[in-house]
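If you read the sequences in order, they're chains R and S.
Heads up, the first sequence is in our numbering, so the first residue is 54 and it goes up one at a time.
Heads up, the second sequence is in our numbering, so the first residue is 1446 and it goes up one at a time.
First comes the structure, then the notes that go with it.
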Amino acid sequence: MKRFLIPLGIFIVLVGFLAVGLKLDPREVPSPLIGKPAPDFNLPLLSDPAKHLSPADLRGKVWLFNVWASWCASCRQEHETLLELSRQGGLPIYGMDYKDQPADAQTVLNSMGNPYVETVVDLDGRAGINYGVYGVPETYLIDKNGIIRYKLTGPLTREGLDKKIFPLVKELQK
Amino acid sequence: MRLLTILLALLLPLSVMAGEAKPVAEDPVLEQRMIALSEDLRCLVCQNESLAGSRADLAQDLRQEIREQMRAGKSDKEVITYLTQRYGDFVLYKPPLKPLTWLLWFGPFALLIGAAGGFYAYLKRRTSRLADESLSEEEKKRVAALLANDGNE
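Below is the structure:
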């Protein structure tokens, strides 16, 4: 009896490892920036390049930082969710137009609607590197003290908002 | 006249021969250092390519960033720290030794030692079992008889 139990045990452990491995998404790189201060930048606004915005200006607010670009297809996919969120209010969304032509970005916002309070322009992607951006869209939740609390790579969905972001926001806005 | 024009037109391409390719970097030593370092770094977009070999946009940006930091006099270690602070240990093809990666580094050796121990125990058990199962007096006689008979019963 014991003869069979040992290989069976090894088999079950192996299947367990493989099952967990199947569910892991290799595209999802855990961000080391969670719990760290949001990297600083001082970038021109899309609406008015003469004006600049820095994360320091948003101290005291819980805000969503959405990195997007006009050339990015999955950004269109999440656009509706972002619009809905901005209509709903309560959580201001700031955008960063990543490695893009500002004119193209403005065209997208004009035709699809603008969910952002403001959008900053990161022409050369330097600010993006500081945030560890590797695939747009990426979304960061930043708390009142300017600490990054959550990062999502890939399009934002209604489900993701309800499950992950809203509970966190509720906690952080206290 | 017409012939002359055609001949001249045929000669025209000669005047626009390709010049020699320009060197990619102004500083070959620095470029070499950058490539050596980025061989050990993972491109985050394509994941199975090194930062040195990837043609992804982000990889180009990161190479540029590394180049600039090296030009500013930063050591390889400082550049790596800069990258891991933003992208995590995931960018490293050689994971650092820390409690989280102990299993990764020592797991194979632990497995080898365990397997060797198991094999040793198995061999020991087998020898003792073989010793137990020696022939009885009657069987020994039969063996002797068989051998004397050259195997023909």
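Backbone N, C-alpha and C fix where the C-beta goes; we use that ideal spot for every residue, glycine too.
- Among the bridge pairs identified by DSSP, Tyr147 (chain R) is matched with R:Phe118, R:Glu171.
- By the Cβ neighbour-count rule, His105 (chain R) is exposed, with fewer than 16 other Cβ atoms within 10 Å of its own.
- Each of R:Gln130, R:Arg80, R:Phe70, R:Thr134 was checked against the Cα of Arg211 (chain R), and the nearest Cα belongs to R:Thr134.
- For the segment 1501-1551 of chain S, the full-length alpha helix (DSSP H) segments reaching 4 residues or more read 1502-1516, 1521-1532 along the chain.
- For Glu191 (chain R), the uninterrupted beta strand (DSSP E) run begins and ends at 191-195, by DSSP.
- Listed along the chain, the chain R residues whose CB falls inside 7 Å of the CB of Arg1574 (chain S) amount to none; the nearest CB is some 14 Å away.
- In the structure shown, the three-state DSSP call for Leu221 (chain R) is helix.
- Contact residues of the segment 167-188 of chain R toward chain S are Asp177, Gly178, Arg179, Gly181, Ile182, Asn183, Tyr184, Gly185, Val186, Tyr187, Gly188 (C-beta to C-beta distance below 9 Å).
- Neighbours of Gly1533 (chain S) in chain R, taken as residues at a C-beta separation under 7 Å, are given in chain order as Val82, Pro83, Ser84, Pro85.
- For Ile182 (chain R), the uninterrupted alpha helix (DSSP H) segment begins and ends at 179-183.
- Here DSSP, grouped into helix, strand and coil, assigns Arg1487 (chain S) to strand.
- With respect to Asp93 (chain R), Ser123 (chain R) sits apart: the two C-beta atoms are not nearer than 9 Å.
- With the criterion set as a beta carbon lying under 7 Å from some beta carbon of chain S, the members of the segment 65-81 of chain R are Pro79, in sequence order.
- Residue pairing by DSSP places Pro97 (chain R) opposite R:His105 in a beta bridge.
- Under the three-state reduction of DSSP, Ser164 (chain R) is assigned to helix.
- By the CB criterion at 9 Å, Val186 (chain R) and Leu1503 (chain S) fall inside the cutoff.
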